[in-house]
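Residue numbers (our numbering): 5 to 100. Here a beta-carbon is modelled for each residue, glycine too, at the ideal position from N, C-alpha and C.
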């Protein structure tokens, strides 16, 4: 599992702390998984699959197949994510 976590970091071009922030877990939880001390909890797996729908659940859980979820259009997800971030920022500005 630690190898797959490292592949996600490489694939997404993010640090382990950025990854932890994105999936709403502590840096130490990710560090322990990457160092092989702990296995990821179901909550961590679920958060990864929710935050990164382009990652294949089969690959993440079983290590089988490709890292990409072929059923997901990555370009659409990227565009939608940018729109969500934009409107979230505007909402935060409005409520400040």
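Asked, Found
"Can we say the region 55-65 touches the region 6-19, given the rule of at least three CB pairs closer than 8 Å?", "yes"
"Can you tell me where the alpha helix (DSSP H) holding residue 21 begins and where it ends?", "20-26"
"Using the Cα positions of residue 46 and residue 56, report the straight-line distance between them to the nearest angstrom.", "15 Å"
"Given a cut-off of 7 Å on the beta-carbon distance, is the pair residue 71 and residue 15 in contact?", "yes"
"Helix, strand or coil, according to DSSP, for residue 49 in the structure here?", "helix"
"Is it right to say residue 19 is buried, meaning 16 or more other beta carbons lie within 10 angstroms of its own, or is it exposed?", "exposed"
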